[in-house]
Structures are given as C-alpha cells and as structure tokens.
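Just below is one structure, and these are the notes that go with it.
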Amino acid sequence: GAVVSQHPSWVICKSGTSVKIECRSLDFQATTMFWYRQFPKQSLMLMATSNEGSKATYEQGVEKDKFLINHASLTLSTLTVTSAHPEDSSFYICSASLFDGLYEQYFGPGTRLTVT
Amino acid sequence: AQSVTQPDIHITVSEGASLELRCNYSYGATPYLFWYVQSPGQGLQLLLKYFSGDTLVQGIKGFEAEFKRSQSSFNLRKPSVHWSDAAEYFCAVGNTDKLIFGTGTRLQVFP
C-alpha cells in the first residue's frame, strides 16, 4: 500500500516551453502533497506544499509563477514548470501524506527534467 | 534553526562488514526522525522512523537506528552490509507538515 507514482519519469523540453509533471497517490487519498527538487548529489529541497482544493504554499525563494502547482483531487497533484530554462533542469520528486496514527510522507520515483 | 547534518558524504565498506551512518539534527521541538534510501533513478524508500518510545528502532532490510536525545543524533546501523545496500541514504527530521533532509551519504560496497 501507499504507492505514489509520477509521470513522466523523464522529460526533455526546449527552453521557453512549459512542462507538466503529474503526481498520483494510487491506493490512498492524500490531503496533502509535497513537491521537492533535488540537484545532483544534493539533498531534497522542499518547493511547495499543496492541499486539495487550496492554493499551494511555496517555500521562500521558490517562484510561484514559474512553478505552478495544482491539487485538483485527493489523488492528483500537478507541477507545471512554465517557460523552462536550462537552470530548471533537475530531479523533481513528489510525496503524498497519509495519516496512520501520525502523518507520513510517501515518495514518488521522481521526474528527471532536462531543458535544452 | 532546524537542520540535519550528515557528516559523511561518502562511505565505502566491504560486503559483510558492519555499517554506521551518522546523523545529527537541530530541532526546536521533539523531533520525528526518519531514514530514507534512494537507489539510482529511484524515489525515496523509508527505512525506518522514530516518533516516540523505544529509542532503538528496527527497520526494513536489516537496518536499525538509535535515537540519542543528549547527542541530538539518530545514527543508522547495519551489522552486515550486502552489495545491494549501495545507494544514497538520507536522514530527515520533521513533523506532520514538513521534512528537512540532510545532504545524504553515498554508500559504496566492495565485494
């Protein structure tokens, strides 16, 4: 149980275009989903927290207009990187929160974004 | 400030040897502590977690960790490492709505 999927697993896009990444909780409903960014050989940095039906809460330094997050249902959150540039190339990981006595985060496999 | 420190960036061990990965944290309240493993191209898999109670926590794949409040540490251990344990290991501290990750320790296992 508690499986989280991401699609696509790898995407290449041209500079200036937008790309959407989906995060789905497959076997549970997640009130809260999180989006992280991981640079090579570095830790995960929380970008934003999204609650179903509400606007996402972005961490300091994360551009809201560049990284659009939509959490339309209890099983789906999307991250859209708008007007992508090479510096947006990174590994994006989502997680979904499940309450089992206490809230725990279950992580998706990640999406590798390369902007050329 | 809340933070997690993993002092060892890279550790190399021989298969069958014991392993200890260090994790120190700074957190204002009682922490929830986690260890995750990330294999190349994979998402994070939870190895074990500590919320309260017994300070020695057993996890999957034969891993255990000990919470030492006086030392603000949550070190991960395994008595005998297998080649398949080669991966990146992350310690994290947090609460219900936010996790703070360490920078990770890359484990390399030699046959």
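Line order of the protein sequences matches chains F and Z. Under the numbering used here, the first sequence has 79 at position 79, and the numbering climbs by one with no breaks. Under the numbering used here, the second sequence has 75 at position 75, and the numbering climbs by one with no breaks. By construction, the Cβ of each residue, glycine as well, lies at the ideal position given by its N, Cα and C atoms.
For chain Z, is any of its Cβ atoms less than 8 Å away from the one on residue i?
| i | result |
| --- | --- |
| L44 (chain F) | yes |
| P40 (chain F) | no |
| S60 (chain F) | Note that residue 60 (chain F) corresponds to Gln in the displayed sequence, not to Ser. Chain Z, which has no Cβ nearer than 8 Å to the Cβ of Q60 (chain F), makes this no. |
| T49 (chain F) | yes |
| I21 (chain F) | no |
| G110 (chain F) | yes |
| Q105 (chain F) | yes |
| I93 (chain F) | yes |
With residue i and residue j assumed to form a contact (beta carbons below 8 Å), what rounded beta-carbon distance in angstroms separates them?
| i | j | result |
| --- | --- | --- |
| V4 (chain F) | Y106 (chain F) | 5 Å |
| S117 (chain F) | Q6 (chain F) | Residue 117 (chain F) lies beyond the residue range present for chain F, which begins at 1 and ends at 116; the question has no answer from this structure. |
| Y58 (chain F) | K64 (chain F) | 5 Å |
| F74 (chain Z) | L107 (chain Z) | 17 Å between Cβ atoms; not a contact. |
| E52 (chain F) | L74 (chain F) | 5 Å |
Alpha carbon to alpha carbon, what distance is there between residue j and residue i?
| i | j | result |
| --- | --- | --- |
| G110 (chain F) | T78 (chain F) | 13 Å |
| T118 (chain F) | S14 (chain Z) | The question about residue 118 (chain F) has no answer, for chain F in this structure spans 1 to 116. |
| A1 (chain Z) | P7 (chain Z) | 18 Å |
| P70 (chain F) | A56 (chain F) | Sequence check: residue 70 (chain F) is Asn here, not Pro. Approximately 7 Å, taken between the alpha carbons. |
| S26 (chain Z) | L48 (chain Z) | 19 Å |
| A72 (chain F) | S95 (chain F) | 15 Å |
| K14 (chain F) | D54 (chain Z) | 52 Å |
| F110 (chain Z) | I60 (chain Z) | 22 Å |
| M33 (chain F) | L44 (chain F) | 15 Å |
| L56 (chain Z) | V81 (chain F) | 42 Å |
| V115 (chain Z) | F28 (chain F) | Nothing in the structure corresponds to residue 115 (chain Z), since chain Z is present only between 1 and 111. |
| C23 (chain Z) | G102 (chain Z) | 8 Å |
| A17 (chain Z) | P8 (chain F) | 38 Å |
Can you tell me which of the options puts its alpha carbon nearest to the alpha carbon of residue i?
| i | options | result |
| --- | --- | --- |
| L98 (chain F) | F:W10, F:A30, F:L26 | F:A30 |
| T167 (chain F) | F:E87, F:W35, F:T80 | Here chain F comprises residues numbered 1 to 116, so residue 167 (chain F) is not present and cannot be evaluated. |
| K20 (chain F) | F:Y103, F:L68, F:G108, F:S95 | F:L68 |
| S52 (chain Z) | Z:G59, Z:P31, Z:P40 | Z:P31 |
| R200 (chain F) | F:E22, F:V62, F:A2, F:S54 | Not covered by the structure: residue 200 (chain F). The range shown for chain F is 1 to 116. |
| L21 (chain Z) | Z:K98, Z:E66, Z:P40 | Z:E66 |
| V93 (chain Z) | F:A2, F:L46, F:G1 | F:L46 |
| L99 (chain Z) | F:P40, F:T17, F:W35, F:G1 | F:W35 |
Take residue i and list the residues in its own chain whose beta-carbon comes closer than 8 Å to its own, dropping the five residues that flank it on each side.
| i | result |
| --- | --- |
| A29 (chain Z) | N95 |
| F63 (chain Z) | W35, L47, L48, L76, R77, K78 |
Less than 6 Å between C-beta atoms, sequence neighbours within five positions excluded: which residues of the same chain meet that for residue i?
| i | result |
| --- | --- |
| L19 (chain Z) | V13, K78, V81 |
| L76 (chain F) | R24 |
| I9 (chain Z) | none |
Shorter than 8 Å from the beta carbon of residue i to some beta carbon of chain F?
| i | result |
| --- | --- |
| K98 (chain Z) | yes |
| G43 (chain Z) | yes |
| F63 (chain Z) | no |
| T103 (chain Z) | yes |
| Q67 (chain Z) | Checking the sequence shown, residue 67 (chain Z) turns out to be Phe, not Gln. No, no contact with chain F. |
| F74 (chain Z) | no |
| F90 (chain Z) | yes |
Please go through the same chain and pick out, in chain order, the residues whose beta-carbon is closer than 7 Å to the beta-carbon of residue i, but skip the five residues on each side of it.
| i | result |
| --- | --- |
| Q38 (chain Z) | L44, A87, E88, F90 |
| G104 (chain Z) | Q6, E88, Y89, F90 |
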